[in-house]
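Asker: Protein sequences, first through last, are from chains A and B. Here the working numbering is used: position 44 in the first sequence is 154, and no number is missing along the way. Here the working numbering is used: position 317 in the second sequence is 319, and no number is missing along the way.
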Amino acid sequence: MSLTRHDIDNIAHLARLALTEAEIPVYIDSLSRIIELVGELDHAATTGVTPMSHPLPGQTQRQRADAVTEVDRHELYQRNAPQAMAGLYLVPKVIE
Amino acid sequence: MYSETVTELSSSLRQRKFSATELTRSLLERINAAQPVLNAFVSIESERALAEAAAADRLLASGNAPPLTGVPIAHKDLFCTAGSRTTCGSRMLANFVSPYDATVVARLRAAGTVMLGKTNMDEFAMGSSNETSFFGPVRNPWDPSRVPGGSSGGSAAAVAARLIPAATGTDTGGSIRQPAALCGVTGLKATYGRVSRYGMVAFASSLDQAGVIARSAEDCALLLGAIAGFDPCDSTSVDLPVPDYRAVLDHPLRGLRVGLLKEFFGKGLDPAVEASVRTALEVLRGQGALLQEVSLPSLPLSVPTYYVVAPAECSSNLARFDGVRFGHRCENPRDLKDLYERSRGEGFGAEVKRRVMTGTYVLSAGYYDAYYLKAQRVRALIAEDFRRAFSEVDVLISPTTPTPAFEIGAKMNDPVTMYLNDIYTIGANLAGLPAASVPCGFADGLPIGMQIIGAHFGEERILNVAHRYQRETDWHQRAPKEYR
């Protein structure tokens with residue numbers, strides 16, 4: 111299966127990735143080849159097979175009590191923010 | 003000093019043959035000298051290491067030091083290390099300072115190790131050659147024109163070049179075992195859930211697992227014992243007691259049932275690699291192991307299965323990089339959408355973008371059942387194949403990689419060929435199994451690795467087989483000429 115320019119534009123939009131013009135043909139080609147590779151799965155007989163949901167048999171996701179366990183460390187975390195002020199993350203204006 | 007293993011260093015430091023400070027200084031010199039050629043490190047933490055070494059020396063003098071006190075270690079730059087940079091090999095995180103320690107890092111620190119630096123890796127652990135790092139490729143110490151493997155290539159190259167006695171790694175599709183094989187060192191990926199993933203930058207959450215790279219199975223046993231065990235901070239961590247992995251290392255192999263993975267001894271396998279692994283199997287037979295061929299018919303589908311599941315999980319995990327809370331942000335965004343798209347477009351490298359897009363595609367409306375659900379069904383078949391095999395044998399053995407290390411640049415333009423490099427290692431990740439790679443020979447001066455896969459939580463058995471093999475052979479003790 112070969113993907114088109116339209117497919118790549120759509121995927122890049124869904125993934126929120128800005129691509130340069132030079133990248134587009136590279137991804138048309140390589141994603142098409144990857145989709146062809148994973149297409150081999152079509153030949154596998156999987157009728158009645160339950161999709162795997164956890165790598166360990168019989169394990170389920172452990173849950174914890176609904177209790178506050180974290181202390182407020184926003185100042186430490188916001189040191190990694192590209193732009194923060196007065197404890198807030200700054201982003202471009204969303205509503206005009 | 004630099005040629006000693008972790009086990010030897012632990013005893014030398016205790017006997018005060020040399021101090022932790024002397025050892026740290028000596029290794030920092032080696033690391034700095036090798037860096038222009040190998041590029042195995044993203045960060046060299048000299049000041050911090052010397053402070054930790056001084057503290058280790060005080061502890062050793064007090065007589066109450068834990069067993070790994072003063073032993074130097076390096077962490078793959080995917081483990082968060084409080085107060086220092088964790089880049090994950092990406093421009094996206096080039097300036098990210100971890101606010102906390104990963105559990106693996108905290109446990110090794112508590113055990114007394116001294117961290118010398120953070121090792122280079124494929125960007126976000128996506129790669130099999132270490133060429134996708136934003137900080138440049140790592141070179142193989144056995145031949146600098148060749149790749150060290152990936153994604154834990156910096157860790158494997160550093161251990162092989164005797165820059166560090168051991169390093170941490172992570173393995174999503176072979177990222178500990180494949181570089182360990184190509185660099186001639188011993189690497190172990192634990193069972194899914196055995197080692198906490200807290201503080202590891204996530205790639206594919208149903209496949210990612212931590213482990214160690216060292217120069218012997220004995221060292222891997224010592225280090226795994228320090229990092230394994232339940233952690234409430236990781237919801238996939240399993241609450242089972244941690245055995246003393248060293249206790250059974252010498253257990254005789256008489257009667258051990260070894261399965262040869264039939265599907266991995268066929269087309270595409272380099273004859274020199276096959277010959278070395280078959281010779282290694284004879285060494286095990288010589289110790290009383292019973293060899294039998296085992297067929298896992300669904301295993302050849304592990305590469306296509308992986309390249310649906312891993313990108314799907316990656317596209318979801320990497321959605322957190324939005325240019326707002328941490329990580330790279332583009333200049334002068336026009337609006338929020340532009341901020342997201344350009345920050346991600348600029349911050350991620352080519353392979354990461356490829357996987358994010360592959361994952362986005364297979365999860366998108368209309369394709370989810372055809373790709374993702376189908377892959378999870380095939381994954382169940384592969385896991386069932388392994389379960390059946392382990393009812394007949396104790397361990398499964400195969401080559402770790404189809405060929406020795408390839409030239410830098412040889413596969414960068416063809417992602418599918420690159421992906422096929424992990425053909426023998428991916429199955430263990432899909433089924434959540436522990437697996438190791440052990441040096442078992444050379445082809446034209448390049449190391450070859452033998453893979454040993456165990457049943458769930460069968461790390462003891464894997465390490466036992468690897469250690470008994472290493473008692474009979476000296477492949478794991480060979481060092482590249484320039485680094486002896």
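In this text, a Cβ means the ideal position worked out from N, Cα and C, and glycines have one as well. Everything numeric in this text was worked out from a predicted model, so none of it was measured.
1. Take Arg32/B as the anchor and find which of Val440/B, Asp79/B and Val161/B has the nearest alpha-carbon.
2. For Asp176/A, count the other beta carbons within 10 Å of its own beta carbon; 16 or more makes it buried, fewer makes it exposed. Which is it?
3. Going by beta carbon distance, what residues of the same chain come within less than 8 Å of Tyr370/B, once the five residues before and after it are set aside?
4. Decide if Ile205/A is buried, meaning its Cβ has at least 16 other Cβ atoms within 10 Å, or exposed.
5. Which runs of the alpha helix (DSSP H), 4 residues or longer, sit entirely within the region 253–324 of chain B?
6. Which residue from Leu113/A, Val159/A, Asp119/A and Pro165/A puts its Cα closest to that of Ser239/B?
7. Identify the residues that DSSP records as bridge partners of Leu166/A: which are they?
8. Please return the same chain residues whose Cβ sits closer than 6 Å to the Cβ of Ser131/B, not counting the five positions on each side in sequence.
9. Considering Cα atoms alone, identify which of Val106/B, Leu258/B and Pro335/B is closest to Gln211/B.
10. How would you write the range of the beta strand (DSSP E) that Leu190/B sits in, first residue to last?
11. Applying a beta-carbon distance threshold of less than 7 Å, which residues of chain B neighbour Val148/A?
12. Less than 7 Å between the C-beta atoms of Glu353/B and Met202/B, yes or no?
13. Could you tell me whether the Cβ atoms of Arg36/B and Ala163/B are closer together than 7 Å?
14. How about Ala42/B and Thr172/B: do their beta carbons lie closer than 7 Å?
15. Starting from Phe359/B, trace the alpha helix (DSSP H) in both directions and tell me its first and last residue.
16. Got a sec? Which residues, its chain only, sit under 6 Å from Tyr199/A by beta carbon, not counting five neighbours each side?
17. So, using beta-carbon positions, are Cys316/B and Phe205/B closer together than 7 Å?
18. Spell out whether any CB of chain B is found under 7 Å from the CB atom of Ile138/A.
19. So is Pro135/A in contact with chain B if we call contact Cβ pairs under 7 Å?
20. Take every Cβ of the region 126–138 of chain A, pair it with every Cβ of the region 396–404 of chain B, and state whether three or more of those distances are shorter than 8 Å.
21. How is Ser207/B classed by DSSP in three states: helix, strand or coil?
22. Does DSSP put Asp476/B in a helix, a strand or coil?
23. According to the neighbour-count rule (16 or more other Cβ atoms, all chains shown, within 10 Å of its Cβ), is His184/A buried or exposed?
24. Measuring alpha carbon to alpha carbon, tell me which residue in Glu220/B, Ala437/B, Pro441/B and Phe408/B is nearest Asn423/B.
25. Run down chain B in chain order and give the residues with a C-beta less than 8 Å from the C-beta of Leu127/A.
26. With a 10 Å radius around its C-beta and 16 neighbouring C-beta atoms as the bar for buried, classify Ala385/B as buried or exposed.
27. Quick check on Arg172/A - is its C-beta less than 7 Å from some C-beta in chain B?
28. Between Thr9/B and the rest of its own chain, which residues show a CB-CB distance below 7 Å, the 5 nearest in sequence each way excluded?
29. Going by the DSSP bridge assignment, what does Asp173/B pair with across the sheet?
30. With the cut-off set at 7 Å, would you say Leu15/B and Arg141/B are in Cβ contact?
31. Who are the neighbours of Ala385/B on chain A, taking C-beta pairs under 8 Å?
32. Note down, in chain order, every chain B residue with its Cβ under 9 Å from the Cβ of Ile205/A.
33. With respect to the beta strand (DSSP E) encompassing Leu448/B, which residues constitute its N-terminal and C-terminal limits?
34. Residue range of the beta strand (DSSP E) that Cys442/B falls in?
35. Can you give me, in chain order, the residues of the region 20–31 of chain B that have a beta carbon less than 7 Å from any beta carbon in chain A?
36. Specify whether the region 428–439 of chain B and the region 193–201 of chain B touch according to this definition: at least 3 beta carbon pairs, one from each stretch, less than 8 Å apart.
Answerer: Reading off the structure:
1. Comparing Cα-Cα distances from Arg32/B to each of Val440/B, Asp79/B and Val161/B, the minimum goes to Val161/B.
2. Under this definition Asp176/A is an exposed residue.
3. Counting only Cβ-Cβ distances below 8 Å, and skipping sequence neighbours, we find Val364.
4. Exposed, since its Cβ has fewer than 16 Cβ neighbours within 10 Å.
5. Counting only runs of 4 or more, we get 273–288 and 304–319.
6. Out of Leu113/A, Val159/A, Asp119/A and Pro165/A, Pro165/A has the C-alpha closest to the C-alpha of Ser239/B.
7. Answer is none; Leu166/A lacks a bridge partner.
8. Within the same chain, and ignoring the five residues on either side of Ser131/B in sequence, the residues whose Cβ sits closer than 6 Å to its Cβ are Val149 and Gly152.
9. Comparing Cα positions, the closest option is Val106/B.
10. Taken as a continuous stretch (DSSP letters only), the beta strand (DSSP E) holding Leu190/B covers Thr188 to Lys191.
11. In chain order: Pro306, Tyr309, Val310 and Tyr373.
12. It is not a contact, given that the beta carbons lie outside the stated cut-off.
13. Going by the sequence as given, residue 36/B is Ala instead of Arg. Yes.
14. No.
15. According to the sequence displayed, residue 359/B carries Met and not Phe. Start and end: Ala352 to Leu365.
16. Around Tyr199/A: Ala191.
17. For Cys316/B and Phe205/B, yes; Cβs fall inside 7 Å.
18. Closer than 7 Å: no.
19. Taking a beta-carbon distance threshold of 7 Å, Pro135/A does not count as an interface residue toward chain B.
20. Contact between the region 126–138 of chain A and the region 396–404 of chain B is not established, with fewer than three Cβ pairs separated by less than 8 Å.
21. The three-state secondary structure of Ser207/B, taken from DSSP, is coil.
22. Looking at Asp476/B - three-state DSSP - the assignment turns out to be coil, as it is neither helix nor strand.
23. Exposed is the call here.
24. That would be Phe408/B, whose Cα lies nearest to the Cα of Asn423/B.
25. Those within 8 Å of Leu127/A in chain B are Glu343, Arg346, Gly347, Phe350, Lys355, Val358 and Met359.
26. Label assigned to Ala385/B: buried.
27. Taking a beta-carbon distance threshold of 7 Å, Arg172/A counts as an interface residue toward chain B.
28. Closer than 7 Å at Cβ, skipping near neighbours: Glu220, Asp221 and Leu224.
29. Paired residues: Gln211/B.
30. Contact flag unset, no.
31. What Ala385/B touches in chain A: Met162, Pro165 and Pro167.
32. Simply none; closest approach about 10 Å.
33. Under the DSSP assignment, Leu448/B falls in the beta strand (DSSP E) whose first and last residues are Leu448 to Gly456.
34. First-last of the beta strand (DSSP E) with Cys442/B: Ala437 to Ala445.
35. Against chain A - using a Cβ distance shorter than 7 Å - the region 20–31 of chain B contributes no residues.
36. Contact between the region 428–439 of chain B and the region 193–201 of chain B is present: 3 or more CB-CB pairs across the two stretches fall below 8 Å.
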